[in-house]
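Enquirer: Sharing a structure here in structure tokens format.
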Amino acid sequence: MPTHGVIRRFNDTRRTKEKMTPGDLCLLAHFYGVSVEVMALRLEDLNLLPNGNWGKLKAGGFRVREAQQQLGLGPLPAR
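Everything in the sequence shown is counted per numbering that gives the first Met the number 0, starting at 0 for the first residue and increasing by one.
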């Protein structure tokens, strides 16, 4: 995922709200065609999310598929 594109989209989301939500993370992952875990780890790598954010989401019981369904996001196409 291109660094500048990810940063731009992340900042676009942050302009409208104080912090990134798990739903925002799902939407961003879907836009780039990657898993939510990969997107979270990329944002952590770019210091846009605190390190360990993905681990905290998973430990807190975040259910990716359920969130994607609630947002109306279909499965990613096979590559």
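Glycine included, every Cβ here is placed at the ideal spot set by N, Cα and C. All values reported here derive from a predicted model rather than from experimental measurement.
(1) Starting from Gly4, follow the alpha helix (DSSP H) in both directions and report where the run begins and ends.
(2) On a Cα-Cα basis, can you pick out the residue from Arg14, Gln68, Glu36 and Asn46 that is closest to Lys55?
(3) Nearest-angstrom Cα distance between Gly32 and Asp11?
(4) Any idea what DSSP makes of Phe61, helix, strand or coil?
(5) Could you check which residue in Asn52, Leu24, Glu43 and Asp44 has the C-alpha nearest to that of Ala66?
(6) Does the separation of the CB atoms of Phe9 and Leu40 fall below 9 Å?
(7) Select from Asp44, Gly22 and Lys16 the residue whose C-alpha is nearest the C-alpha of Pro1.
(8) Using the three-state DSSP reduction, which class does Asn46 fall into: helix, strand or coil?
Expert: On the basis of the data shown:
(1) Taking the first residue of the sequence shown as position 1, residue 4 is located at position 5. Per DSSP, Gly4 belongs to the alpha helix (DSSP H) from Thr2 to Thr15.
(2) Within the sequence shown, residue 55 is the residue found at index 56, counting from 1. When only C-alpha atoms are compared, the closest one is Glu36.
(3) The residue you call residue 32 lines up with position 33 of the sequence shown. The residue you call residue 11 lines up with position 12 of the sequence shown. Approximately 18 Å, taken between the alpha carbons.
(4) The residue given as residue 61 occupies position 62 in the sequence shown. In this structure, Phe61 counts as coil in the three-state DSSP scheme.
(5) Start at 1 with the first residue of the sequence shown, and residue 66 comes out as number 67. Among Asn52, Leu24, Glu43 and Asp44, the Cα nearest to that of Ala66 is on Leu24.
(6) Position 10 of the sequence shown, counting from 1, holds the residue named residue 9. Position 41 of the sequence shown, counting from 1, holds the residue named residue 40. No.
(7) To locate residue 1, count along the sequence shown from 1; it is residue 2. Closest by alpha carbon: Asp44.
(8) To locate residue 46, count along the sequence shown from 1; it is residue 47. Under the three-state reduction of DSSP, Asn46 is assigned to coil, being neither helix nor strand.
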